[in-house]
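Protein chains in written order, with this note's numbering: chain Y, 1 to 233; chain B, 1001 to 1233. Here the structure comes first, spelled out in structure tokens, and everything after it is commentary.
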DNA sequence: TCCGCTTGTTACAATTCGTAAGGTTTGGGA
DNA sequence: TCCCAAACCTTACGAATTGTAACAAGCGGA
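This is the structure:
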């Protein structure tokens, strides 16, 4: 279904939580950061559709960051700031921001303004979403996996949901509970089995050795870890 | 390079003056109106780049006007309103406005926000009547598809509706619901089949391999994705 | 009126994906 | 070490979704 990806950059944990909850509720995928350094590192591997940026971060000048983002990324940039002076807003917008929201904000308005940005072609859900990892190439446009030899294997919507979850959080433990939530399945033992099957099918397409999986590793009693070196382009 | 044209629609003369002065100072051409009727009449002869619209006009429902403007797609629409409720803003943005500025406003910010809109021009898709994609050429003048060898295949109105929908949103998921809405079909299981058939016929004309479609891809449970690299001329 | 084209409808084939059932692995305890 | 229960994997099956061929209704032109 290709949900749009929105990044949140703010040093206040409470604000990150509020935004992330509201955005996921509204049907977006989110990635949260408290520091510009971590955010910029993540941009090397992810390609967001919209970036929410707080000015006044401790480890960088927000405006410089905004300017850089606007120039380099295809993403729309929305500033969320406590600085309410008109002059701040004008320079923020001039430096390349697509919108400027003042704290305190209402999450519903943030969602609405993000949707507006996604409507216009600039950030309209980035096409050509391709992730590369360990010789594989996964295209979420054509729903195909391509191996090093160029051989294509289509993957289904359900498999894609799982794959995307992994590709968005490589080398991190993903608990079954998290997975259930992201995949929108009702809780219960029966959906547990359904997830197993999804993962099993995905493993088959990735040609994993059942005895010795290299990419999707099971952590008994805890969840899964995806071990690929992921790069989104 | 001519100056961008901005229209101002507000029933308070003082506001019109302030805005017009600030905008012309900033290098825009402006047209001011106090009534929606006059504004809509002017649209027949002028093609503004940005429209500033006040809600709460005496002779029309502002939101309806905004919606109509947004659909006709030429210009960016910015609402300027005294109604400060979050809900007002959200519905305004949802109905198609590109920005929402609350009175009282600072003219400098209005100018900045207009400039942002001009930076990312809206797609002017409706002018092009010929689309090229992956060796094909689709003409909506003559309702024909032409392949690389120059061989023509006519397509019908119903097929054209589907094709246009795809060509306007390439590489994006189009849900069945969206499609039904755009194609004006009543909901219901029977129309669902009708849509399948339309798409099936279009696929035949595009010589898609049923086992492995390259252009119109089905996402089970979600909708369709058109994978061509589209260029309108 | 007849003919051909378009388009919706019906019926059935094909695909996807959750569910059930049985097998395998894991890790702790005897 | 062996045993066992819980956790996890895989296969097969069936309900839901989607594809397509065949038919019928509607329309316009000769």
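Every residue gets a Cβ at the ideal spot worked out from N, C-alpha and C, and that includes glycine. Bear in mind that the values here come from a model prediction, so they are computed numbers and not experimental data.
By the rule that beta-carbons nearer than 9 Å mark a contact, residue 154 of chain Y touches chain B.
Between residue 170 of chain Y and residue 230 of chain Y a beta carbon distance of about 4 Å is seen, short of the 8 Å cut, so the two are scored as contacting. Excluding residues up to 5 positions away in sequence, 1131 and 1230 lie with their Cβ nearer than 6 Å to the Cβ of residue 1167 of chain B in the same chain. When DSSP states are grouped into helix, strand and coil, residue 1062 of chain B belongs to the helix group. Membership of residue 1154 of chain B in the beta strand (DSSP E) is indicated by the continuous run 1152 to 1154. Nearest neighbour of residue 1049 of chain B by Cα position, chosen from B/1061, B/1082, B/1007 and B/1081, turns out to be B/1007. Residue 44 of chain Y counts as exposed, since fewer than 16 other C-beta atoms from the protein chains shown sit within 10 angstroms of its C-beta. The beta carbons of residue 82 of chain Y and residue 102 of chain Y sit closer together than 9 Å. Counting only residues of its own chain and dropping the five nearest sequence neighbours on each side, residue 214 of chain Y has a CB closer than 8 Å to the CB of 134, 208 and 227. Counting C-beta atoms within 10 angstroms of its own C-beta, residue 12 of chain Y has fewer than 16 neighbours from the protein chains shown and is therefore classed as exposed. By the Cβ neighbour-count rule, residue 32 of chain Y is buried, with 16 or more other Cβ atoms within 10 Å of its own. Taking the C-beta atoms as reference points, residue 1159 of chain B is found no nearer than 9 Å to residue 1193 of chain B.
Those residues of the stretch 1217 to 1233 of chain B placed with their C-beta closer than 9 Å to a C-beta in chain Y are 1217, 1219, 1220, 1221, 1222, 1223, 1225 and 1227, ordered along the chain.
Annotation for residue 1223 of chain B: the continuous beta strand (DSSP E) segment containing it runs 1223 to 1226. The three-state reading of DSSP puts residue 1137 of chain B in strand, counting E and B together.
From the beta-carbon of residue 142 of chain Y, the residues of chain B found nearer than 7 Å are 1217 and 1227. Between residue 52 of chain Y and residue 10 of chain Y, the gap from beta carbon to beta carbon is short of 9 Å. Within the same chain, and ignoring the five residues on either side of residue 1150 of chain B in sequence, no residue has its Cβ closer than 6 Å to its Cβ. Segment contact: the stretch 139 to 156 of chain Y against the stretch 111 to 118 of chain Y, fewer than three CB-CB distances shorter than 8 Å; contact not assigned. Residue 162 of chain Y is bridged by DSSP to nothing; it lacks a bridge partner. Bounds of any alpha helix (DSSP H) do not take in residue 1183 of chain B, whose DSSP letter is neither H nor E. In this structure residue 72 of chain Y is exposed. Its beta-carbon is surrounded by fewer than 16 other beta-carbon atoms within 10 angstroms. Taking the CA atoms as reference points, residue 141 of chain Y sits about 6 Å from residue 129 of chain Y. For residue 200 of chain Y, the secondary structure class from DSSP, reduced to helix, strand or coil, is helix.
From the listed residues B/1038, B/1068, B/1079 and B/1047, the smallest Cα separation to residue 1055 of chain B is found for B/1079. Rounded to the nearest angstrom, the gap between the Cα atoms of residue 1218 of chain B and residue 156 of chain Y is 10 Å. Interface annotation for the stretch 71 to 94 of chain Y against chain B: 86, 89, 90, 93 and 94, criterion Cβ-Cβ distance under 7 Å.
For residue 1088 of chain B, the enclosing alpha helix (DSSP H) begins and ends at 1086 to 1094. Contact between residue 1096 of chain B and residue 1077 of chain B is confirmed by a C-beta separation of about 6 Å, below the 8 Å threshold.
Taking C-beta atoms as the reference points, residue 98 of chain Y and residue 70 of chain Y count as a pair closer than 9 Å.
For the stretch 1102 to 1113 of chain B, the beta-carbon criterion of a distance under 7 Å to any beta-carbon of chain Y is satisfied by 1106, 1108, 1109, 1112 and 1113. Along the stretch 1018 to 1084 of chain B, the alpha helix (DSSP H) occurs as fully enclosed runs of 4 or more residues at 1036 to 1043 and 1062 to 1072, listed in sequence order. Annotation for residue 1026 of chain B: 1111 place their beta carbon closer than 7 Å to its own, counting only its chain and skipping 5 residues before and after. In this structure residue 1191 of chain B does not touch residue 1178 of chain B by the C-beta definition: roughly 14 Å separates them, more than the 8 Å allowed. Around the beta carbon of residue 1119 of chain B, fewer than 16 other beta carbons sit within 10 angstroms, so the residue counts as exposed. Counting along the chain, no alpha helix (DSSP H) covers residue 173 of chain Y; the unbroken beta strand (DSSP E) around it starts and ends at 173 to 175.
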